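-17 is the number of the first residue of the sequence shown in this note's numbering; add one for each residue after it.
Yeah, the Cβ is synthetic: ideal placement off N, Cα and C, and Gly gets one too.
All values derive from a computational prediction rather than experimental measurement.
The block underneath contains the structure these notes are about, expressed in structure tokens.
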Amino acid sequence: MYQNTTFLTNRLRQREQMGLLRQLHSGSNLVDFCSNDYLGLARSPALRQAIQQTDYQRTSVLNGATGSRLLAGHTSLADKVETQLAAFYQTESALVFNSGYDANIGLLSSLPQRGDVLLTDELIHASMIDGARLSYAERHRFMHNNLDHLSTLLREARDQKTPSIFVAVESVYSMDGDMAPLAELVGLCADYEAHLIVDEAHATGVYGINGEGRVVELGLQDRVLARVHTFGKGLGVHGAAVVGSGLLRNYLINTARSFIYTTALPPHSLLAIQCAHEQLPILTEQRAKLHQHVVFFRDIALQRMPTACWTDSSSPIQCLLIKGNKACRAVAARAQGAGFDVRAILSPTVPVGQERIRICLHSFNAESEIAGLIDTLAS
Ligand SMILES: Cc1ncc(COP(=O)(O)O)c(C=O)c1O
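Below is the structure:
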């Protein structure tokens, strides 16, 4: 084994001393208030069966893609799935990426170019931040959901005669569960001829009549340059797509390095994406249940813990703020001990002082489980 690793030990020790050491935990038998499987599709026997009944059974389907999409990895199946996704998300085209992380990296590193300006909400996901870091454009952060601050930055960028201005937000914020004011954002972007990019990771499957996300729910699909839909959360499978115009798709095929320089998704992943999207429209009951659970949760949580600090969220992501990594970890451990799988989100993933217990609600949670969790947190 390689021996010269003192520097790794030292760095990890430093993290540990700061209370920042991350560790992997495998699945538990606790009640799931942690996963992003909002509608239970990851554990759905119907979805499993649908996937098994596809072409996957045919020997002609390869085990792997064998190359990147621009080389050996492109298939008629990928074309077919992208056509299905474009129709589902009510737009002209879709381009599948291997994950939401890859989609955001590819999109944000390739759209804003040198001389352009990229304005990002201060709470956007790490994958968008990393994509922005790879871009040569100038980046400024605006205060979370603060339209006045964004207007000021847009005005400055326009006054500097910036060739292209981009604004990047999440429709449902992954760490706070609150939503971007999309209707206002499209208006503001139009005023300044800026292009809006919306990450729909936590809205996909959950919002819209069939789970098309917030942009379609609000009828804004023609006013947004690009949307990112991820399939590892509400869809219960894996992968992601950027949806928008055919021109956008061609542009990304030519410039998005996380699309170009990687082996494409294997056929069984594409088939899983296809089947999960076929299931979404029939999950009306599950979606309704999920939203009922959010109302139920908020009612009891605010009643039982009126002075606690909850994020202002009407989505399935609910957070209880508990200052300090240590204290936050202790509360999560207590809830886990009582049988509930909730996790502490620590700084620096969130700003210091805003550490939190992140609770994800699912259609399959029982009301008694939700009430039990709140009782435990309250105690
Ligand atoms: C808002 C947001 N965007 C993108 C991603 C990345 O998606 P994926 O897990 O498919 O890589 C995540 C997942 O953590 C997310 O929360």
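- Taking one beta carbon from each stretch, the segment 323 to 342 and the segment -2 to 10 have 3 or more pairs nearer than 8 Å; the two touch.
- With 16 or more other Cβ atoms inside 10 Å of its own Cβ, Phe79 counts as buried.
- Annotated as distal: Ser133 and Asp98, with beta-carbon spacing of 9 Å or more.
- Its Cα nearest to that of His273, the residue Gly190 stands out among Arg51, Ile106, His126, Gly190.
- Contiguous alpha helix (DSSP H) elements confined to the segment 155 to 243 occur at 164 to 173, 196 to 199, 228 to 237, 239 to 242, taking only those with 4 or more residues.
- Contact check between the segment 41 to 56 and the segment 205 to 224: fewer than three CB pairs, one atom from each, fall below 8 Å, which does not count as touching.
- In the three-state reduction of the DSSP assignment, Gln72 falls in the coil class, being assigned neither a helical nor a strand state.
- Bounds of the alpha helix (DSSP H) holding Glu267 are 266 to 286.
- By the neighbour-count criterion, in which a residue is buried when 16 or more other Cβ atoms sit within 10 angstroms of its Cβ, Ala185 is buried.
- Under the 8 Å Cβ criterion, the segment 251 to 258 does not count as touching the segment 106 to 117, having fewer than three qualifying pairs.
- DSSP, read as helix, strand or coil, puts Asp103 in strand.
- Residues of the same chain with a CB within less than 8 Å of the CB of Leu234, apart from the 5 flanking positions on each side, are Leu77, Gly88, Leu89, Ser92, Val224, Phe241 in chain order.
- Around the beta carbon of Arg239, fewer than 16 other beta carbons sit within 10 angstroms, so the residue counts as exposed.
- Nearest in C-alpha terms to Lys143, of all of Met157, Tyr174, Val151, is Tyr174.
- Under the three-state reduction of DSSP, Leu302 is assigned to strand.
- The three-state secondary structure of Leu253, taken from DSSP, is helix.
- For the set Phe278, Asn236, Thr57, the Cα lying nearest the Cα of Gly228 is the one of Asn236.
- The nearest non-hydrogen atom of ligand 1 is 8 Å or more from the C-beta of His259.
- Taking a 10 Å sphere around the C-beta of Gln(-15), we find fewer than 16 other C-beta atoms and assign the residue as exposed.
- Beta-bridge partners assigned by DSSP to Phe79: Ala222.
- Considering only Arg4, Cys301, Ser109, Thr65, the residue with the shortest C-alpha distance to Ala85 is Ser109.
- If you look at Phe148, you'll find it in the beta strand (DSSP E) that goes 147 to 152.
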